[in-house]
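K.L.:
The following block contains the structure, expressed as structure tokens.
Protein chains in written order, with the numbering used here: chain D, 32 to 330; chain A, 32 to 330.
This is the structure:
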């Protein structure tokens, strides 16, 4: 397993997600076309598909039903994409561009953007629960439950409300606050994606706890690297304007730590993610490469 | 079974929903209090709880696990409440009052209102999938799947996007268009609630189809009665300003039919709902009373 293999696998998963989303969003009804177009804009041709990759890579550690793996990967990506659509709204981050394209509210209007996010969230749970059989229903119900918790008031949405509160507060957010915001806002979904394989494969709670720990470290590393890139990256590499966090007075790990300590912390998180994978030995190489990729990427 | 029994049962279910929502929204974390308060404002002390009642009443026709009935009733109510929060947003219906209280965006700001709705949707799927066992997991997965479809791009959200399009169109919406909007926007969730008992009880597809038909008629009757009350009701009875639909140029069944034909259509829907219940004989009396209640209510 080298970096080329990893990148090929990442591209393969991204391609699979893209095709599956196209199928899931193939509705032809003219009267709801605005909604479907919004959902396509929000989800197609998007991002690195890190969360679906984590589902696939963690599932490869166990004996897993491919249909369940695929549905779970897709469902998590739908939740992620819906959160971006709502985050971009004028009342939230007020972003007009994402991945070099107009955001959904900018392209389709605010009302359609709200509904696009709502429908993507419902689609996530529709996909993950589809084709239930006596053999897979218990796992499906568990996946739905864990995804809902990772997405909702104790996970992603909780992180988002804390982030908004931190932005409006007069005092700068403490290091501990920022850690907690990221742990919920982006970490919960990444941690769920990382342990999804253990749930799908019916692995014991040790395996699940190890993958959860890996996901927590990875999620925080991902956010920290994002913050670092915002400070030191170039617009060409990023496909967006750097320095936006600082300009908006947003509390980030880098503003709380300073650049040098932030780099050290990133190394620690990388080490922590690798440490969590030790029980899986060689088989977890794909997840190790992902940790490396997240910490070393330039965009 | 008389009207008093029905009203007592409706109050009993409403009370149960209220208590269960309080438990589900009992989070004490100060840092996410804004979110939890938004969710409480959106869901507590609210409405007639018609959808939960339908879950309970349809479940009473079969042998049903009470925990599943309760979770499903609660989940549907969470979806309904989230949809109201998002519908009220300035970019949607721009409503400042609901049930005589400030709407969530008015009380808490737009960003919190968006997140409140998002978290309520996730909570619905969290509740319905909780405590899965080998014995109930298949039904839980089916309930999740049907609820997601009723809520998402082929159900409630689809109806909402069509409604927005109809409002923005220069030509008034046709009768068929308005029917289709209501069938998705409010009908899909009511139809799901009505057939939930058949899913929970593992009934055959005839029973499910009959209850679905009942739900479709009831959902449309509910909307038509709402529209009629908006035209002929008083502010005291309604707890909101009547005449709002007409003032906003909103396409309603009443504007498409005229008041007299609308009354006849309501009678037809009532008859259709009762007809759908015939296979269940006396046992469906509670659902019959609900149809009567929906069509005769003054608020």
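Beta carbons: idealized from backbone N, C-alpha and C, even for Gly.
In this text the structure is predicted, and so the values were computed from the model without any measurement.
Would you tell me roughly how many angstroms separate the C-alpha atoms of residue 86 of chain A and residue 158 of chain D, rounded to the nearest one?
P.N.:
The alpha-carbon atoms of residue 86 of chain A and residue 158 of chain D are separated by roughly 23 Å.
K.L.:
For residue 127 of chain D, would you say it is in contact with chain A, using Cβ-to-Cβ distances shorter than 8 Å as the test?
P.N.:
Taking Cβ atoms only, chain A never reaches closer than 8 Å to residue 127 of chain D, which makes this a no.
K.L.:
Quick check: is the beta carbon of residue 165 of chain A nearer than 8 Å to any beta carbon in chain D?
P.N.:
So, interface residue.
K.L.:
At the 8 Å Cβ level, is residue 331 of chain D part of the contact set with chain A, yes or no?
P.N.:
The structure shown does not extend to residue 331 of chain D, since chain D is modelled only from 32 through 330, so no value can be given for it.
K.L.:
Per the DSSP calculation, residue 83 of chain D is bridged to which residue(s)?
P.N.:
Beta-bridge pairing links residue 83 of chain D to no other residue.
K.L.:
Taking just the CA atoms, how far does residue 324 of chain A sit from residue 334 of chain D?
P.N.:
No information on residue 334 of chain D is available, as it lies outside the stretch 32 to 330 that chain D covers here.
K.L.:
Go ahead and pull the three-state DSSP assignment for residue 128 of chain D.
P.N.:
If DSSP states are grouped into helix, strand and coil, residue 128 of chain D belongs with the strands.
K.L.:
Residues of chain A with CB closer than 9 Å to the CB of residue 173 of chain D, please, in chain order.
P.N.:
Simply 160, 163 and 168.
K.L.:
What in chain A is Cβ-close to residue 330 of chain D, meaning under 7 Å?
P.N.:
In chain order: nothing, as chain A lies at least about 28 Å away.
K.L.:
With H, G and I counted as helix, E and B as strand and the rest as coil, what does DSSP make of residue 133 of chain A?
P.N.:
Strand, per DSSP.
K.L.:
Please report the residue range of the alpha helix (DSSP H) in which residue 295 of chain A lies.
P.N.:
Note, residue 295 of chain A: alpha helix (DSSP H), 290 to 307.
K.L.:
How would you list, in chain order, the residues of chain A whose beta-carbon sits under 8 Å from the beta-carbon of residue 135 of chain D?
P.N.:
Chain A residues near residue 135 of chain D: none, gap ~12 Å exceeds 8 Å.
K.L.:
Starting from the beta carbon of residue 107 of chain D, find every residue of chain A whose beta carbon is closer than 8 Å, and list them in chain order.
P.N.:
Residues of chain A passing the Cβ test: none, with the nearest at roughly 13 Å.
K.L.:
Considering only C-alpha positions, which residue in the set D/100, D/186 and D/38 is nearest to residue 60 of chain A?
P.N.:
It is D/186 whose Cα lies nearest to the Cα of residue 60 of chain A.
K.L.:
Are residue 318 of chain D and residue 88 of chain D close, meaning C-beta to C-beta below 8 Å?
P.N.:
Yes, Cβ-Cβ distance for residue 318 of chain D and residue 88 of chain D is below 8 Å.
K.L.:
Measuring CB atoms only, is the segment 159 to 174 of chain A touching the segment 194 to 205 of chain D, in the sense that at least three cross pairs come out at less than 8 Å?
P.N.:
Contact fails: fewer than three Cβ-Cβ distances are below 8 Å.
K.L.:
Taking the continuous alpha helix (DSSP H) assigned at residue 320 of chain A, which residues delimit it?
P.N.:
Element bounds for residue 320 of chain A: 316 to 327.
K.L.:
Please list the partners that residue 117 of chain A has in chain D, where partner means a Cβ-to-Cβ separation under 7 Å.
P.N.:
Ordered by position in chain D, the residues that pass the 7 Å Cβ test against residue 117 of chain A are 145 and 149.
K.L.:
With DSSP run on the structure shown, which of helix, strand or coil describes residue 121 of chain D?
P.N.:
Reduced to three states, the DSSP call for residue 121 of chain D is coil.
K.L.:
How long is the line joining the alpha carbons of residue 104 of chain D and residue 91 of chain D, rounded to whole angstroms?
P.N.:
Distance between the alpha carbons of residue 104 of chain D and residue 91 of chain D: 13 Å.
K.L.:
Could you check which residue in D/155, D/194 and D/65 has the C-alpha nearest to that of residue 51 of chain D?
P.N.:
When only C-alpha atoms are compared, the closest one is D/155.
K.L.:
Whose C-alpha, out of D/46, D/45, D/70 and D/47, is nearest the C-alpha of residue 57 of chain D?
P.N.:
Nearest C-alpha to residue 57 of chain D: D/70.
K.L.:
Please list, in chain order, the chain D residues whose beta carbon lies closer than 8 Å to that of residue 188 of chain A.
P.N.:
Per Cβ cutoff of 8 Å: 66, 146, 149, 150 and 153.
K.L.:
Using a Cβ cut-off of 8 Å (strictly closer), state whether residue 315 of chain D contacts chain A.
P.N.:
No - not a single Cβ of chain A is within 8 Å of the one on residue 315 of chain D.
K.L.:
Consider the Cβ of residue 58 of chain D: report whether some Cβ of chain E lies at a distance smaller than 8 Å.
P.N.:
The question asks about chain E, but that chain is absent: this structure's protein chains are D and A.
K.L.:
Near residue 163 of chain A, which residues of its chain fall below 6 Å by C-beta distance, leaving aside the five closest residues on each side in sequence?
P.N.:
Excluding sequence neighbours, residue 163 of chain A sits near 171.
K.L.:
Thinking residue 195 of chain A and residue 142 of chain D are a contact (beta carbons under 8 Å), I'd like their distance in whole angstroms, please.
P.N.:
Going by Cβ atoms, the distance from residue 195 of chain A to residue 142 of chain D rounds to 6 Å, so yes, they are a contact pair.
K.L.:
Any Cβ of chain A within less than 8 Å of the Cβ of residue 193 of chain D?
P.N.:
Chain A contact via Cβ: present.
K.L.:
Going along the chain, which unbroken runs of the alpha helix (DSSP H) with 4 or more residues stay wholly within the segment 167 to 215 of chain D?
P.N.:
Whole alpha helix (DSSP H) segments, 4+ residues: 168 to 182, 187 to 199 and 206 to 213.
K.L.:
Pull up the distance between the alpha-carbon of residue 283 of chain A and that of residue 78 of chain D, whole angstroms please.
P.N.:
Between residue 283 of chain A and residue 78 of chain D, the C-alpha separation is close to 42 Å.
K.L.:
Answer with yes or no whether the minimum CB distance from residue 120 of chain D to chain A is below 8 Å.
P.N.:
Interface residue, yes.
K.L.:
Contact check, residue 99 of chain D vs residue 231 of chain D under 8 Å by CB: the rounded distance?
P.N.:
Going by Cβ atoms, the distance from residue 99 of chain D to residue 231 of chain D rounds to 5 Å, so yes, they are a contact pair.
K.L.:
Find the residues of chain D that neighbour residue 142 of chain A, judging by a C-beta separation of less than 7 Å, and give them in chain order.
P.N.:
Residues of chain D passing the Cβ test: 122, 123 and 195.
K.L.:
Using the Cβ count rule (16 or more neighbours within 10 Å means buried), how would you classify residue 147 of chain D?
P.N.:
So residue 147 of chain D ends up on the buried side.
K.L.:
Rounded to whole angstroms, what is the Cα-Cα separation between residue 35 of chain A and residue 321 of chain A?
P.N.:
Taking the straight line from one Cα to the other gives about 12 Å.
K.L.:
Answer yes if the segment 283 to 298 of chain D comes into contact with the segment 214 to 229 of chain D, meaning at least three C-beta pairs across the two stretches below 8 Å, and no otherwise.
P.N.:
Touching, no.
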